[in-house]
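Enquirer: I am attaching a structure below and will ask some questions about it afterwards.
Residue numbers (full-length UniProt numbering): 1 to 262.
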């Protein structure tokens with residue numbers, strides 16, 4: 001029993017002495033750079049005050065920054081190919097304002113104030129590029145196009161009639177079939193209709209466009225067409241939105257690269 005106690009005391013003193021000698025050395029090591037044997041990559045400790053270290057790799061940041069640089073250059077080349085003349089697509093008949101990803105189009109029609117709003121975030125889809133040469137067609141990948149849902153508001157005497165619209169699959173089918181749309185083809189659907197006075201609230205009644213009478217739906221589409229929300233408008237919106245979304249994407253890549261490089 002006595003021997004066991006002595007052995008325990010000796011072991012305790014040994015462990016205590018070992019810990020006392022280890023802690024100062026550990027504090028010294030925490031103020032150094034660490035180099036991994038396998039890669040030779042340098043990691044800089046951020047903090048050792050709480051006994052733990054956080055590391056960052058300058059090589060990873062550099063690789064990401066370089067990749068972003070190449071990606072930005074490639075996307076700018078695509079933009080030049082899409083706009084060889086450098087002229088930005090226009091939406092005729094409307095005054096256009098932008099705020100980040102939101103685009104607002106305004107016009108007047110008699111005593112009515114008409115506005116169209118859409119967002120380019122999450123609006124892109126892909127459609128194949130068609131060339132006359134088959135081999136070129138096979139080599140060329142899908143191009144990105146932006147087809148955002150949009151809201152048409154028609155205001156008159158402090159009341160607003162609102163149409164929530166979305167592009168339909170028919171546009172994709174026509175592109176895939178390499179068949180141009182004629183002016184009678186609908187490129188978008190009326191998804192929802194509602195009205196309100198003053199400010200919009202969450203309890204406004206609305207109706208889906210797909211459940212209303214077909215004849216009424218046609219009259220409502222004609223109502224929009226008379227105010228410039230027609231086939232030609234939809235084509236111009238797609239072209240402008242595709243250009244604007246791509247410009248926003250490139251700008252985002254540039255901001256990410258600047259952030260990573262700080």
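For every residue, glycine included, the Cβ atom is placed at its ideal position computed from N, Cα and C.
Nearest CA to the CA of residue 152: which residue from 246, 83, 63 and 195?
Expert: Selected option, being the one with the closest Cα: 195.
Enquirer: Have a look at the DSSP bridge pairing and note the partners of residue 194.
Expert: DSSP output for residue 194 lists 162 and 206 as bridge partner(s).
Enquirer: Based on the DSSP output, what are the partners of residue 145 in its beta bridges?
Expert: Bridge partners of residue 145: 125.
Enquirer: Assign residue 234 to buried or exposed, taking buried as 16 or more other Cβ atoms, counted over all protein chains shown, within 10 Å of its Cβ.
Expert: With 16 or more other Cβ atoms within 10 Å, it is buried.
Enquirer: Which same chain residues, not among the five before or five after residue 64, have their C-beta less than 6 angstroms away from its C-beta?
Expert: Only 260 meet the Cβ criterion.
Enquirer: Looking only at C-alpha atoms, which of 62, 192, 157 and 118 sits nearest to residue 163?
Expert: Comparing Cα positions, the closest option is 192.
Enquirer: What span of residues does the alpha helix (DSSP H) with residue 96 cover, start to end?
Expert: Here residue 96 belongs to no alpha helix (DSSP H); instead the beta strand (DSSP E) covers 95 to 99.
Enquirer: Judging by CA-CA distance, which residue of 118, 82, 228 and 237 is the nearest neighbour of residue 91?
Expert: Of the candidates 118, 82, 228 and 237, the one whose C-alpha sits nearest the C-alpha of residue 91 is 237.
Enquirer: Closest by CA to residue 95, which one among 107, 211, 240 and 228?
Expert: Nearest of 107, 211, 240 and 228 to residue 95, Cα basis: 107.
Enquirer: Check this for me: beta carbons of residue 300 and residue 68, under 8 angstroms apart or not?
Expert: In the structure as shown, the chain starts at 1 and stops at 262, and residue 300 therefore has no counterpart that could be examined.
Enquirer: In this structure, does DSSP put residue 250 in helix, strand or coil?
Expert: Looking at residue 250 - three-state DSSP - the assignment turns out to be helix.
Enquirer: Could you tell me the alpha carbon to alpha carbon distance between residue 242 and residue 88, rounded to whole angstroms?
Expert: In a straight line, the C-alpha of residue 242 is about 11 angstroms away from that of residue 88.
Enquirer: Roughly how many angstroms lie between the CA atoms of residue 105 and residue 75, to the nearest whole one?
Expert: Their Cα atoms are separated by approximately 27 angstroms.
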